[in-house]
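Listed in order, the protein sequences are those of chains A and B.
Following the working numbering, the numbering of the first sequence begins with 1 at its first residue and continues without gaps.
Following the working numbering, the numbering of the second sequence begins with 183 at its first residue and continues without gaps.
These notes concern the structure reproduced below.
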Amino acid sequence: MAVEDGHSAGGDHAAGSGFPPFDQVDTFLSQLFWLALTFGFLYFMLARVILPKIAATLAERDAAVATSLAAAAAANEAAETAVKAFDTRLLEARAAARETAAAGKADVDGFVAAEMARVEGEMAKRLDAAEARIQRARAEAMAGVAGVAEGATTAIVEKLVGVKVTAAASRDAVRAVLSGGA
Amino acid sequence: MNIATDPMHQFLVTRLFDFRIGGFDLSFTNSAAFMLAGVLGVTGFFLWAFSSPRTVPNRAQSIGEMWYGFVRGIIRDVNGDAGMAFFPLVFTLFSFILAANMIGMIPWFFTSTSHIAVTGALALFTIGLVVVVGLIRNGFGFFRIFVPSGVPAVLLLIVVPIEILSFLSRPISLGMRLFANMLGGHVALKVFAGFVPQLAAGLGATGMVMGGVLVMPLIIGVTALEFLVAFLQAYVFAMLTCVYLNDALHAGHH
Numbered sequence: 001m002a003v004e005d006g007h008s009a010g011g012d013h014a015a016g017s018g019f020p021p022f023d024q025v026d027t028f029l030s031q032l033f034w035l036a037l038t039f040g041f042l043y044f045m046l047a048r049v050i051l052p053k054i055a056a057t058l059a060e061r062d063a064a065v066a067t068s069l070a071a072a073a074a075a076n077e078a079a080e081t082a083v084k085a086f087d088t089r090l091l092e093a094r095a096a097a098r099e100t101a102a103a104g105k106a107d108v109d110g111f112v113a114a115e116m117a118r119v120e121g122e123m124a125k126r127l128d129a130a131e132a133r134i135q136r137a138r139a140e141a142m143a144g145v146a147g148v149a150e151g152a153t154t155a156i157v158e159k160l161v162g163v164k165v166t167a168a169a170s171r172d173a174v175r176a177v178l179s180g181g182a
Numbered sequence: 183m184n185i186a187t188d189p190m191h192q193f194l195v196t197r198l199f200d201f202r203i204g205g206f207d208l209s210f211t212n213s214a215a216f217m218l219a220g221v222l223g224v225t226g227f228f229l230w231a232f233s234s235p236r237t238v239p240n241r242a243q244s245i246g247e248m249w250y251g252f253v254r255g256i257i258r259d260v261n262g263d264a265g266m267a268f269f270p271l272v273f274t275l276f277s278f279i280l281a282a283n284m285i286g287m288i289p290w291f292f293t294s295t296s297h298i299a300v301t302g303a304l305a306l307f308t309i310g311l312v313v314v315v316g317l318i319r320n321g322f323g324f325f326r327i328f329v330p331s332g333v334p335a336v337l338l339l340i341v342v343p344i345e346i347l348s349f350l351s352r353p354i355s356l357g358m359r360l361f362a363n364m365l366g367g368h369v370a371l372k373v374f375a376g377f378v379p380q381l382a383a384g385l386g387a388t389g390m391v392m393g394g395v396l397v398m399p400l401i402i403g404v405t406a407l408e409f410l411v412a413f414l415q416a417y418v419f420a421m422l423t424c425v426y427l428n429d430a431l432h433a434g435h436h
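Written out as structure tokens, the structure reads:
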């Protein structure tokens, strides 16, 4: 198997079969030896140093992504909670506003009703007073009419009949006519 | 045939310096040099790319992570999580073969995987590992992989020898596939490339034009194809390793 002479292995083969790939007899041991050495070295470096490093890097990234996703989910949840709280407060505020408006309206309605009642009462009072005044005026007027009628009666009777009637008689006569004849 | 046009010259194993242990010739050859270059290249790349790994990777780190994810994907698809114990090994096989194949695509560089000694050793190692792991995991139950379930007893007389034969042919096909692909591709490239100077020498100016117009595009195409093959063979080797490891892991389910 060992090449005894000093020629290169390749030189021998070039002179030999002319098909080096099948001329393995005195190179295959060296190929196997260096294959084992280099392959073993590569395996050692990959398995012990490189692949764990890559795995750690990928795990770190996965963890970072997971953390970020969790943070994003938490933020999202917080935002949703805030939106919900906002909605609730909005509803509450609307209800309060409606209540205030209703209370205000009731106030105003009460005021308006009271004012109306007051004004109406005053009007009625004035109306009554005016009516009383009219009544009085009418009574005065009627009294005036009676006085004029008494005088006229006395005068007419005196002229026509020539009898002087007393003031009391003419007043009675006028009264009897006013209360009966009218 | 001179060196320039001899398609086989590129496969010569030449000794760079002597190295012997107990009468065995373990000389450092060009094959060893390029295996070493590939291994150092892969190791150096990963050490550089992950010298200060970041959460948001740079380009080199991205490539390294894609590489990692690609091999992990193969194992996950074929073996599930049970296969992750063999991840470093499959990763090493894939990276070693990929590096050797890709280095071989550079002109004047030697393709270590174009020699049956290397590919055959890798294949035998892989199948040997499958047998050892299978025996450790399943004991003699491992041999159930030769007895497909649901086959009538009479047919087993025929099927079992076929299964054994197919199992024994695995290391041969595994090693031979890689070896033949690399050898054949490089020979084809060299032969096609040899047409150009041969045409030029034979037909003068006309030959030069013919070589440039007809042959060069072909060579470019074949070169691209060879890059694809270089990657694909590394992938196929890694994937078949996983498929065979599956037998070792799940010998009962056949």
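For every residue, glycine included, the Cβ atom is placed at its ideal position computed from N, Cα and C.
- Counting along the chain, F193 (chain B) sits inside no alpha helix (DSSP H), nor does DSSP assign it H or E at all.
- For D207 (chain B), the three-state secondary structure derived from DSSP is strand.
- Here DSSP, grouped into helix, strand and coil, assigns R236 (chain B) to coil.
- Contact annotation: the region 376-396 of chain B does not touch the region 315-335 of chain B, with fewer than three C-beta pairs closer than 8 Å.
- The beta-bridge partner set that DSSP reports for R202 (chain B) consists of B:D207.
- If the five residues before and after V83 (chain A) are omitted, its C-beta is found closer than 6 Å to no C-beta atom of its own chain.
- In the structure shown, F292 (chain B) falls within a coil segment according to DSSP collapsed to helix, strand and coil.
- Listed along the chain, the chain A residues whose CB falls inside 7 Å of the CB of P235 (chain B) are K53 and T57.
- Against F252 (chain B), chain A offers no close residue; the least beta-carbon distance is about 12 Å (beta-carbon pairs closer than 9 Å).
- Counting C-beta atoms within 10 angstroms of its own C-beta, V329 (chain B) has fewer than 16 neighbours from the protein chains shown and is therefore classed as exposed.
- Interface flag for D207 (chain B) against chain A is set, since a Cβ pair is found closer than 7 Å.
- The three-state reading of DSSP puts V329 (chain B) in coil, since its state is none of H, G, I, E or B.
- Contact between the region 301-312 of chain B and the region 352-366 of chain B is present, with at least three C-beta pairs closer than 8 Å.
- CA-to-CA, the gap between G147 (chain A) and M123 (chain A) works out to about 36 Å.
- Chain-order list of chain A residues neighbouring G246 (chain B): I54, by C-beta distance under 8 Å.
- Residues of chain A with a Cβ closer than 8 Å to the Cβ of F374 (chain B) do not exist, since the nearest Cβ in that chain sits about 19 Å away.
- L198 (chain B) counts as exposed, since fewer than 16 other beta carbons sit within 10 angstroms of its beta carbon.
- Within the same chain, Cβ atoms closer than 7 Å to the Cβ of V404 (chain B) are found at A370, L371 and F374, the five residues on either side in sequence being excluded.
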